[in-house]
Structure formats: C-alpha cells, structure tokens
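In my numbering, each number is its position in the sequence shown, counted from 1, plus 165.
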Amino acid sequence: MTIDEAVAHEGPFDEALERFHRTGPEFEGWLSNHGPMAVEALARNGHDAQIHAWTDDYLNRLDERPRGLSPITPEGWRDPLGDPLRTGDWIDFFLREVRERPWRDVLDIWWPRLLPGIAAGATHGVIRVGHAVAALEVVENEPRIEEFGHALAYWAARWLPVPVVRPQGGADPAAAISGVPAVGDQRFGIRSRIAQLDDEFASAAAKFAAGEPGQERAKVEQIADAAVAFYATHGHGQPTMLVHAATAPNAVARVMPLLRPEHQRPSLEAAWTATAAVVAAYRPAAEVSGQRVPATPEEVIESAAAHGGEHVIKFADTAVRSYQRTGSADALAAAQRAIELDA
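Next comes the structure, spelled out in structure tokens:
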C-alpha cells in the first residue's frame, strides 16, 4: 500500500475522525486534542490498521465537544477571535461554513485572517489545519471536510498573535535558528514565554534569508528541515514543545500550494516566526550529541507507531518528510531522539 492509498482508505481513518468530532479540541485545561492529527499521520504512513486501537485508548483522555454560548456571524467574527470560551461557537460557525461553501474557498478566506495568530494553541491550530488539508487533498468526504472545520475552529478560538518577523538577512535556516536567543524566564508556559520576545529576539530572527519571490514554499520546507535537525541536538530542552518548531512550518508548507500568490510571503514569515518563537521559548543552554542506530524511514515510522505518543507520531512524520527532501540521516536521528526522549 502506498502512502496516498493509505490515507485514501475510507475506513479506520474516517471512522476515527467521526469519533473525535464528538470531543473538544482541548482536554484537562490547555492540552490539545491530537487525535485527528495523529491518525492522519498513521494512515498516510501505512499504519491505518493501528488506528482503531490507538483511537480507543486516546478517547479515554478527552473531554466532550463544548457547547456554544452565542452564534458567531460572518460579520461579527473579530470580537470572539482568540476567546477559548467561544470554542463551541467557533465549531458551530466553521461547520456551517464548510457545509455551505467549498472548503478551498473557506481556506482562502480564513487563512489570511488566522495567520497572524499562528501561535494559537502552541501552534496546534495551524498544525491541525495542515493535517486536515493533507487528507482532503487525497479524498474529499464528509468526515474530512468536517475535520477541516474543527481545525479552523480550534485555531480561531485559541488565536494568539505573535509580532511577525520580517526576514531581511542572509542566514540560512540552520544558522538563523542557531542564532535565536533563549527567553530569560523559562519557568512558565508558552504564553508567558512568547510575551518575553523582545528586540533582541526580533533582531536575531530577522537575519534569516527569505529568498526571492516564488521560493516561499521551498524556504518553509527548509525551515522545517533545520528545525528537525535542531531537535536532534536540542530536543532535551523540552522534548514535547520543541517538536512544534518543526511540525508548525511543516503544516504551513502543506497548505501553501493552495494559497494565492499574495499569501505566500506572509505564510513564510509566519512560519519562520513560529519556529523562531518556539526555539526561543524552549531552547536549552547546551546541545547534546549522541550516537543513533542507523534506520530507514520505514523503521522510524514503525518505531513511532509502536511508541504511540501523539507528538512522537507527528514528529516522525515530519522528520521522514524532511529526509525525503534532504536525504540527511540527521532527520531520522531526530525522530529517534524524540522517541528516546518520550516526546
């Protein structure tokens, strides 16, 4: 079974989506519901046979889908943006949107509106949208269209703006990531850490080279590649959170072929800002290098699926995509490191 055939299989994957749509996008407070994202990665990488059991186990951790408080109208979307108390209203709103118009039209309207808040849910909003789009590009059916609506709703409810960095330097992604300074106080959560991003951060992040027009998607993929490699030596700083420095730009890259030309550069800038912000928030004081047992992409995915951790599965998927682009064993080593660290 090929990767595309796996994700096109309208059995375990779509059934899992229907089950997850009875749950909320978060549980136990701020924890993100990774179910739809993880099962998409499992299906696309040929592990759809594991989806039922994985879903059964994960559902035990989740909360029910939240109810709405007051309907959101197409004209009145700005005030509830970023209000998690309106999560149920956002779900209702976007399910109406995707049922009444083509999902690509909904993406065209809402991507530029949501993009400035790319830090939403510790970047899980845009990541969930990326997984939803990846599935829809293979098969368009009701569970996948509704998953796209749920993903947009989560992004809107947790919308968190970050001052977008306008790259204007000459550094490649690896060098630019290396130069991003850590925030001073790493005791608290991501909102506290993002609030500490200052002029020193902006100056360092601006050294990234954005490239010429038409290169935006390739540059975003390079950001993901560099963040994957960074994880291999720095993931111990915060094994779970540093995953998102790579999975967020990976999600943006998945969506970019569907975007208008005028949305390409803002998407690149937002993706780089998200990666730089996560690195600044969680980078450790020192790197750690280690020997890894050589592995194939198939073995890495198999190990991640056997581990079962939602972040491990998503990061392994991102790392394998990086390996397919670069041929770098460092990408596969990074996935092994995530498994070792129990990300």
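Cβ atoms here follow ideal geometry from the backbone N, Cα and C, with glycine treated the same way. Predicted model, so just to flag it, every value in this text is computed and none were measured.
Excluding the 5 residues flanking it on each side, Arg-490 has same chain C-beta neighbours closer than 8 angstroms at Glu-386, Asp-390, in chain order. Contact check for Ile-359 against Val-327 passes: the beta carbons are separated by less than 8 angstroms. Restricting attention to Val-304, Thr-405, Gly-295, the CA atom closest to the CA of His-315 is found in Gly-295. When the beta-carbon positions are compared, Pro-236 and Asp-257 come within less than 8 angstroms of each other. With contacts defined by Cβ atoms closer than 8 angstroms, Asn-306 and Asp-495 do not form a contacting pair. The DSSP assignment places 381 to 399, 409 to 420, 429 to 447 as complete runs of the alpha helix (DSSP H) inside the stretch 370 to 454, in order along the chain (cut-off: 4 residues). Just so you know, the alpha carbons of Ala-214 and Pro-177 end up roughly 7 angstroms apart.
Bridge pairing for Ala-336: Phe-373 [DSSP].
Note that the stretch 430 to 445 does not touch the stretch 463 to 476; fewer than 3 beta-carbon pairs, one per stretch, sit closer than 8 angstroms.
Spanning the alpha carbons of Thr-288 and Pro-231 requires a straight line of approximately 21 angstroms.
Proximity to Gln-380 across Glu-434, Ala-371, Pro-239 peaks at Glu-434, based on C-alpha coordinates. Gly-334 places its beta carbon 8 angstroms or farther from that of Ala-392. The C-alpha of Thr-461 is placed about 32 angstroms away from the C-alpha of Ala-284. By the criterion of at least three beta-carbon pairs nearer than 8 angstroms, the stretch 223 to 230 is in contact with the stretch 182 to 194. In summary, Thr-412 is buried, with 16 or more beta-carbon neighbours lying within 10 Å of its beta-carbon over all protein chains present. Under the three-state reduction of DSSP, Glu-183 is assigned to helix. Its chain contains no residue whose beta carbon lies nearer than 6 angstroms to that of Asp-337 once the 5 sequence neighbours on both sides are disregarded.
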